[in-house]
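Novice:
Numbering (this note's numbering), first residue to last: 53 to 493.
(1) Assess, as a yes-or-no matter, whether the stretch 181 to 194 is touched by the stretch 132 to 142 under the definition of 3 or more beta carbon pairs within less than 8 Å.
(2) Between residue 453 and the rest of its own chain, which residues show a CB-CB distance below 7 Å, the 5 nearest in sequence each way excluded?
(3) Within 10 angstroms of the Cβ of residue 448, are there 16 or more other Cβ atoms? Answer buried if so, exposed if not.
(4) So within the stretch 227 to 304, which uninterrupted beta strand (DSSP E) runs reach at least 3 residues, ignoring any that extend past its ends?
(5) Is residue 328 helix, strand or coil by DSSP?
(6) Threshold first: 3 residues or longer. Then list the beta strand (DSSP E) segments lying entirely within the stretch 115 to 182, N to C.
(7) Quick one: what's got a C-beta closer than 6 Å to residue 235's C-beta in the same chain, skipping five residues either side?
(8) Is any heavy atom in the ligand MG found nearer than 7 Å to the beta carbon of residue 330?
(9) Report the rounded CA-to-CA distance for residue 497 versus residue 364, giving the unit in angstroms.
(10) Would you kindly check if the distance between the Cβ of residue 186 and the Cβ of residue 146 is under 8 Å?
(11) Three or more C-beta pairs closer than 8 Å, one from the stretch 278 to 288 and one from the stretch 314 to 327: is that the case here?
(12) Whole angstroms are fine: how far does the CA of residue 428 sit from the CA of residue 396?
(13) Among the candidates 246, 375, 260 and 332, whose CA atom is the shortest distance from the CA of residue 464?
(14) With DSSP run on the structure shown, which of helix, strand or coil describes residue 400?
(15) With residue 311 and residue 252 assumed to form a contact (beta carbons below 8 Å), what rounded beta-carbon distance in angstroms separates them?
(16) Nearest chain B C-beta to residue 97 closer than 8 Å, yes or no?
(17) For residue 481, which beta-bridge partners are listed by DSSP?
(18) Would you say residue 221 and residue 330 are within 8 Å of each other, going by their C-beta atoms?
(19) Quick check: the Cα distance between residue 188 and residue 295, rounded to an integer number of angstroms?
(20) Answer yes if the stretch 177 to 185 comes into contact with the stretch 206 to 218, meaning at least three C-beta pairs across the two stretches below 8 Å, and no otherwise.
(21) Specify, as a first and last residue, the run of the beta strand (DSSP E) that residue 311 falls within.
(22) Residue range of the beta strand (DSSP E) that residue 369 falls in?
(23) Along the alpha helix (DSSP H) that carries residue 98, what are the first and last residues, could you check?
(24) I need the straight-line Cα distance from residue 372 to residue 378, nearest angstrom please.
(25) Pull up the distance between the alpha-carbon of residue 421 and that of residue 461, whole angstroms please.
(26) Which residues bound the beta strand (DSSP E) around residue 187?
(27) Looking at the strands, I want to know which residues DSSP matches up with residue 59.
(28) Please state whether DSSP places residue 219 in a helix, a strand or coil.
(29) Which first and last residues belong to the beta strand (DSSP E) in which residue 194 is found?
(30) In the structure shown, what three-state DSSP assignment does residue 386 receive?
(31) Just to confirm, are residue 313 and residue 250 a CB contact at a threshold of 8 Å?
(32) What is the rounded straight-line gap between the Cα of residue 62 and the Cα of residue 128?
(33) Could you name the residues of the same chain whose beta carbon sits closer than 7 Å to that of residue 456, not counting the 5 residues immediately before and after it, in chain order?
(34) Using the three-state DSSP reduction, which class does residue 103 fall into: helix, strand or coil?
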């Protein structure tokens, strides 16, 4: 592709899977990495994070499409292995990475400590994939760039970032390549959103691209266009009438802010009573503050100079300390608690579930994809008992799943986005999908 083989694209991750996004673009001798994510999910996939990254020190720059760990979480390891170039991203992405990368490093350190304590490791002692120090070094390399501005990386190669409508700050990347034979445009979609989110504005349309690297997370499915508000309204009201607690495990960035908006809207429209709404996730509360800082990316409108109304419900409470969190687990309903982690892989949500699952008056609502073998998936499958913190817990609470809140475009959204280009790409490469999704698209 290109003149005298001057441009090469190599998919180092997210090929045949949805995590570990890393795309290496080589132009003459310039080496550019688009996204630098962690592999997540079953152990066999996670083990790929430990493979050495050959020639990390030879990478000239990283372009980061958004802050999610499956796109950003390998940067500290890259730095540990010798990378010292700039990491370009939007201002919103840089702010979110300050929370997410430090949190990811804490988790890596905790995992290593846990394995050593349990002596459940082949390596003595087990070491973290990277440390908080490595993450801090990585954060010093982040450079915020304005969206839509072309920036030259090296002679003949420039890039710009454009809004992709997935989470706050998320972008896709356009490269212009001048190989002496005229200019070519290469677009890498990153994670592409859609126009049905309530908080974040949708992706911008581009006029043309000669080559396109397109994500295909949901390449094999259409999202049900059901009314999320009505689904939430029904579950909240049923639980309220029983005096129960609604527990919503949720991703801290993107999903939690969307939920707060929906609950606030149901209250404003008098479709649910004013209930206390606790967000028990320091990371989610930090992320919400960052969301409100970047108003140009939000669909929200100012009303009477009061801007918080759209995101925060009437009786919203940000829970920060562990003591406050323990108090919420002991309180009687009715109220709503939103807590991380979204797939029940850890975090404070497990304490809430341990307390609330055995009681039939409570409800649990899953609002995100649950990976196979996670506790979230087991609850969705209707297991009568589940193990939390070494205890077998009876599952008597009602379990619901709302599938309309995905921040990824479905197959129709992806096709429509390409269709809106005036000039269609010569070649489209698909990545970031499980095999079935890739084949279907």
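Backbone N, C-alpha and C define an ideal beta-carbon position, used for all residues, glycine too.
Specialist: In brief:
(1) Note that the stretch 132 to 142 touches the stretch 181 to 194; at least 3 beta-carbon pairs, one per stretch, sit closer than 8 Å.
(2) Working through the chain shown from its first residue, we reach residue 453 at position 401. When the five nearest sequence neighbours on each side are left out, the beta carbons in the same chain lying within less than 7 Å of the beta carbon of residue 453 are those of 418 and 432, in order along the chain.
(3) To locate residue 448, count along the chain shown from 1; it is residue 396. Classification for residue 448: exposed.
(4) Complete beta strand (DSSP E) runs here, min 3: 235 to 240, 263 to 267 and 297 to 301.
(5) On the chain shown, position 276 is the one that residue 328 refers to. If DSSP states are grouped into helix, strand and coil, residue 328 belongs with the strands.
(6) Fully enclosed beta strand (DSSP E) runs of 3 or longer: 139 to 141.
(7) Working through the chain shown from its first residue, we reach residue 235 at position 183. Cβ within range, chain order: 228.
(8) The ligand MG is not among the ligands present in this structure, which contains no ligands whatsoever.
(9) Absent from the structure is residue 497, since the part of the chain shown begins at 53 and ends at 493.
(10) Against the chain shown, residue 146 aligns to sequence position 94. Against the chain shown, residue 186 aligns to sequence position 134. A distance of 8 Å or more separates the beta carbons of residue 146 and residue 186.
(11) The way I'd put it, the stretch 278 to 288 does touch the stretch 314 to 327; three or more beta-carbon pairs between them come closer than 8 Å.
(12) Position 344 of the chain shown, counting from 1, holds the residue named residue 396. Position 376 of the chain shown, counting from 1, holds the residue named residue 428. Cα-Cα distance, rounded: 6 Å.
(13) In the chain shown, counting from the first residue as 1, residue 464 sits at position 412. Out of 246, 375, 260 and 332, 246 has the C-alpha closest to the C-alpha of residue 464.
(14) Position 348 of the chain shown, counting from 1, holds the residue named residue 400. It is coil, neither helix nor strand.
(15) Counting from 1 along the chain shown, the entry for residue 311 is found at position 259. Counting from 1 along the chain shown, the entry for residue 252 is found at position 200. The Cβ separation is near 13 Å, so there is no contact.
(16) Looking at the structure shown, chain B is missing, and only one protein chain is on hand.
(17) In the chain shown, the residue the question calls residue 481 occupies position 429. According to DSSP, residue 481 bridges with 265.
(18) As a first step, residue 221 is located in the chain shown; it is residue number 169 there, counting from the start. As a first step, residue 330 is located in the chain shown; it is residue number 278 there, counting from the start. If you check the CB distance, residue 221 and residue 330 do not come in under 8 Å.
(19) Position 136 of the chain shown, counted from the start, is the residue given in the question as residue 188. Position 243 of the chain shown, counted from the start, is the residue given in the question as residue 295. Their backbone Cα atoms lie some 45 Å apart in a straight line.
(20) The stretch 206 to 218 is not in contact with the stretch 177 to 185.
(21) As a position in the chain shown, residue 311 is number 259, starting the count at 1. For residue 311, no beta strand (DSSP E) encloses it; the enclosing alpha helix (DSSP H) starts and ends at 307 to 320.
(22) Within the chain shown, the letter at position 317 stands for residue 369. It spans 367 to 370 - the beta strand (DSSP E) in which residue 369 sits, taken as one unbroken run.
(23) For the purposes of this step, residue 98 is taken as the residue at position 46 of the chain shown. Start and end: 95 to 98.
(24) Your numbering for residue 372 matches position 320 in the chain shown. Your numbering for residue 378 matches position 326 in the chain shown. Rounded to the nearest angstrom, the two C-alpha atoms are 11 Å apart.
(25) Sequence index remark: in the chain shown, residue 421 carries index 369 (1-based). Sequence index remark: in the chain shown, residue 461 carries index 409 (1-based). If you take the alpha carbons of residue 421 and residue 461, they lie about 14 Å apart.
(26) Here residue 187 is taken as the residue at index 135 of the chain shown, counted from 1. Residue 187 -> not in any beta strand (DSSP E); alpha helix (DSSP H) instead, spanning 184 to 191.
(27) By one-based count along the chain shown, residue 59 stands at place 7. For residue 59, the beta-bridge partners assigned by DSSP are 79.
(28) Mapped onto the chain shown, residue 219 falls at position 167. If DSSP states are grouped into helix, strand and coil, residue 219 belongs with coil.
(29) Within the chain shown, numbered from 1, the residue matching residue 194 stands at position 142. Per DSSP, residue 194 belongs to the beta strand (DSSP E) from 194 to 196.
(30) Here the question's residue 386 lines up with position 334 in the chain shown. Three-state DSSP puts residue 386 in coil, outside helix and strand.
(31) Mapped onto the chain shown, residue 313 falls at position 261. Mapped onto the chain shown, residue 250 falls at position 198. Judged by their CB atoms, residue 313 and residue 250 are nearer to each other than the 8 Å cut-off.
(32) The count along the chain shown starts at 1 and reaches residue 62 at position 10. The count along the chain shown starts at 1 and reaches residue 128 at position 76. If you draw a straight line from the Cα of residue 62 to the Cα of residue 128, it comes to about 21 Å.
(33) Start at 1 with the first residue of the chain shown, and residue 456 comes out as number 404. Shown here for residue 456: same chain residues with a beta carbon closer than 7 Å to its own, the five before and five after excluded, namely 275, 276, 278 and 280 in chain order.
(34) Start at 1 with the first residue of the chain shown, and residue 103 comes out as number 51. Here residue 103 sits in coil by DSSP.
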